Amino acid sequence: MITQWFFRHGDRRSLIAIIILVAVACLVPVLNLLVPDTSPFHVPTYLVSLLGKYLTYALLAVALDLVWGFCGILSLGHGAFFALGGYAMGMYLMRQIGPRGVYADPVLPDFMVFLNWKELPWFWYGFDNFWFAALMVVLVPGVLAFGFGWLAFRSRVTGVYLSIITQALTYALLLAFFRNDMGFGGNNGLTDFKDILGFNVQAGTTRSALFAATALFLALAVLVSSFIIRSKLGKVLVGVRDAESRMRFLGYRVDRYKLFVWTVSAMMAGIAGALYVPQVGIINPSEFEPANSIEAVIWVAVGGRGTIIGPIIGAILVNFGKTYFTAAFPEIWLFALGALFILVTLFLPKGILGLYGSWQARRASHAAQKDDEVLPPVVKQSSKRLAEPEPQAAE
Amino acid sequence: MKAKDTLLYLDGVSVSFDGFRAINNLSLVLQSGEMRAIIGPNGAGKTTMMDIITGKTKPDSGDVYFNGTVDLTGHDEADIAMLGIGRKFQKPTVFESHTVEDNLVLALSGPRSALSALFHRQSRDETDRIHEILYTIRLFEKRHWLAASLSHGQKQWLEIGMLLAQDPKLLLVDEPVAGMTDAETAETAKLLRDIARTRSVIVVEHDMHFVRELGVKVTCLHEGSVLAEGSLDHVSNDPRVIEVYLGR
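Sequences listed follow chains V and Y, in order. Heads up, the first sequence is in this note's numbering, so the first residue is 212 and it goes up one at a time. Heads up, the second sequence is in this note's numbering, so the first residue is 989 and it goes up one at a time.
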């Protein structure tokens, strides 16, 4: 049924991406767990976690592109929602440690015992239950985004001003989470996790399962994004991006549309953060660092904003580059990142996918010239192509 | 005149920006079904008047009533659009990265809530209406083109088509023939006259030739208030209008 929907709406690229992600979710664990170490096809466990981390970044990038690429809201603070989702998951993982902590307190996490706290703060209640924590993973970023968006969009804060206050938001949270008396482990954050749902987080099988879960959630995010973008609501969002006041004079309450997509995006980012934490084994306030959010913007720009799968490609490529460069030439990584952003802005304004798209268009117009016909300007690549036969140039 | 029997009623409206009085005690009445041309030199307050009617700018004082009873100063742009006032901008403003057809889909009257848009499916009836408008504005052949690739004149027409799709009671049209060829201008005049058969229209225009072609009552604005009103011949023979246009 889903396949049918995709074909009717002609979003072939998203369908391919989903198929690849589901295949990867199955294949990587098999190559890790069932293929012996000696085989060249064996995927070592450290690599499974590394790839899993990349995919959580990709999920964050998809979330960011939903607001930036399709609705024109440049968020420089999406890392905040990512980190909040991560903290919610981290709190669950902390409470799973139980009496196995250094101070062996059955309820209080180590850092609270260290700070001489006698009882659990109220906002830690419920986090011993996985489903409660899972709910908080989406609810906390969602509620924060809703409140923030409600105030910002209703007062018509747009453009660079909005970007600056999103940056301020993540910076404020960074400072708050650094404080010990906030009750989130201060500077050190939350770490030394033992179990997730009763499975050892260090075990190869758990790592494979977390990887598979990340790939499947990413596939789900592609599905949701595709559904939103292909709907009339998605068209309104693109209209807001291109001519916001026109949309208002057509009778649309632009602030509500923005609020919807902004909140959905923050929830997605929260899920990304929750999947990130058990795979890297730590969450601390540095995840709120404004630079992290800006890096996420670069992933989206490199991959191609305003496309659903561009951000995934961008996030994976840039982070692969980061892993390589920070190991091989640690001192030049930041220069490489800066240069990448400048080059992409100058030469690939639509990112890697945009380059591919214009290459395809050029090929199509070459073919048309051969037939000595005039081709109508290229209609958006994927829209409607499969829904009905494309009107031919002769029309 | 009572506000009750009118479609649009502006009385004693004033607004200033940073001490500059853009609109100064302006009064204007439009009957249901009427088409009116508004002329006036640059800075006369034409666009600001449209901003006030469509809710973009709130007046400092004065009354603005739509349909006799609705106080427009208490509503925002989206509300006013849903009440039935459509607006075409001076610079053609269409959604460039949407196709011609999608531009009309977005403009088509109907529910505007986010939830209904998320699960919207286009009905047969809506498709028919869109096709009808595409024929009217002569863009049927180009319905799958991106709006960005249309010519300037075609964009103007698409925007007029979007107004038609909105199905408003009152259309505010700001300089519809700017940058059009003579043939396109004549076509646009014809199109607007067609539209005015079933709706009220206010046209702001500099092009006297075009205003003559419309053949409707003319209001001349100057420094934010009405200078003269009547037929084009009457207005253009008014010594004060001549002075405003030629004197300075």
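All C-beta atoms, glycine included, are put in the ideal place defined by N, C-alpha and C. Quick caveat: nothing in here was measured; it's all calculated off a predicted structure.
For the segment 1083 to 1097 of chain Y against the segment 1173 to 1192 of chain Y, do three or more pairs of beta-carbon atoms, one drawn from each stretch, fall closer than 8 Å, so that the two count as touching?
no
Would you give the residue range spanned by the alpha helix (DSSP H) that Y463/V belongs to?
Where Y463/V is concerned, there is no enclosing alpha helix (DSSP H), given that its DSSP letter is neither H nor E.
N495/V, DSSP secondary structure in three states:
coil
Cβ-based burial, I543/V [other Cβ within 10 Å; buried from 16]:
exposed
Where T537/V and A547/V are concerned, what is the direct C-alpha to C-alpha distance, given to the nearest angstrom?
10 Å
Around the Cβ of L401/V, are there at least 16 other Cβ atoms within 10 angstroms (buried) or fewer (exposed)?
That one is buried.
Is the Cβ-Cβ distance between G514/V and I524/V less than 7 Å?
yes
Using a Cβ-Cβ distance cut-off of 7 Å, determine whether S225/V contacts chain Y.
no
Buried or exposed: A1095/Y, going by 16 or more other Cβ atoms within 10 Å of its Cβ?
buried
Three-state secondary structure assigned by DSSP to F1008/Y
strand
Partner residues on chain Y for V449/V, Cβ-Cβ distance less than 8 Å:
F1083, S1085 and H1086
Check the Cβ of S442/V against every Cβ in chain Y and list those closer than 9 Å, keeping chain order.
A1105, L1106, F1107 and H1108
Measure the Cβ-Cβ separation of Y388/V and F395/V and say whether it is below 7 Å.
According to the sequence shown, residue 388/V is Phe rather than Tyr. The answer is yes: Cβ separation under 7 Å.
Where do the N-terminal and C-terminal ends of the alpha helix (DSSP H) with D1090/Y fall, by residue?
Membership of D1090/Y in the alpha helix (DSSP H) is indicated by the continuous run V1088 to A1095.
Return the chain-ordered ranges of every alpha helix (DSSP H) run that is complete within the segment 404 to 458 of chain V and spans a minimum of 4 residues.
Taking only runs of at least 4 residues, the alpha helix (DSSP H) segments lying wholly in the segment 404 to 458 of chain V are 415 to 441 and 443 to 453.
Proximal chain V residues relative to V1093/Y, where beta-carbon distance stays under 8 Å:
Those within 8 Å of V1093/Y in chain V are K443 and K446.
Does A1032/Y come out as helix, strand or coil in the three-state DSSP assignment?
coil
Taking its Cβ as the centre, do 16 or more other Cβ atoms sit within 10 Å of V585/V, making it buried, or is it exposed?
Its pLDDT being 41, under 50, V585/V is placed unreliably in this model, and the value from its coordinates should be taken loosely. With fewer than 16 other Cβ atoms within 10 Å, it is exposed.
Any beta-carbon of chain Y closer than 7 Å to the one on Y535/V?
Interface residue (Cβ-Cβ distance to chain Y less than 7 Å): Y535/V is not classified as such.
To the nearest angstrom, report how far apart D582/V and H1132/Y are at their CA atoms.
Its pLDDT being 49, under 50, D582/V is placed unreliably in this model, and the coordinates cannot settle the point.
Can you pull the chain Y neighbours of A356/V, defined as C-beta to C-beta under 8 Å?
Ordered by position in chain Y, no residue passes the 8 Å Cβ test against A356/V, which lies about 15 Å from the chain.
To be precise: take each residue of the segment 1149 to 1169 of chain Y, compare its Cβ to all Cβ atoms of chain V, and keep it if any distance is under 8 Å. Which residues remain?
The segment 1149 to 1169 of chain Y vs chain V, Cβ under 8 Å: M1150 and Q1154.
7 Å Cβ cut-off: residues of chain V touching D1090/Y:
K446
Which two residues bound the contiguous alpha helix (DSSP H) that contains S163/V?
In the structure displayed, chain V extends from 212 to 606; residue 163/V sits before or after that span and is not available.
Here's the rule I'm using: 16 or more other beta-carbon atoms within 10 Å means buried, otherwise exposed. How should S1101/Y be labelled?
With fewer than 16 Cβ atoms within 10 Å of its Cβ, S1101/Y is classed as exposed.
How about Y487/V and T256/V: are their beta carbons less than 7 Å apart?
no
Under 7 Å between the Cβ atoms of P522/V and V529/V?
It is not a contact, given that the beta carbons lie outside the stated cut-off.
Can you tell me which of L1122/Y, G1000/Y and G1167/Y puts its alpha carbon nearest to the alpha carbon of M1150/Y?
L1122/Y
For I230/V, count neighbouring Cβ atoms within 10 angstroms of its own Cβ and tell me buried if that reaches 16, exposed if not.
exposed
If I follow the unbroken beta strand (DSSP E) through L1158/Y, where does it start and stop?
L1158 to D1162
Quick test of your reading: G995/Y and Q1019/Y, contact by CB under 8 Å. State the CB separation rounded to the nearest angstrom.
First, the amino acid is wrong: residue 995/Y is Leu here, not Gly. Taking the Cβ atoms as the reference, L995/Y lies roughly 6 Å from Q1019/Y, within the contact range of under 8 Å.
Rounded C-alpha distance that separates R574/V from L232/V:
29 Å
Using DSSP bridges, identify the partner residues of F1054/Y.
According to DSSP, residue pairing for F1054/Y in a beta bridge involves L996/Y and V1058/Y.
Please list the terminal residues of the continuous beta strand (DSSP E) segment that includes T1042/Y.
T1042/Y -> no beta strand (DSSP E), and no H or E assigned at all.
Interface flag, D466/V vs chain Y, CB-CB below 7 Å:
no
Return the chain-ordered list of same chain residues with a C-beta closer than 8 Å to the C-beta of D339/V, the five sequence neighbours on each side being excluded.
Hits under 8 Å: Y303, R306 and Q307.
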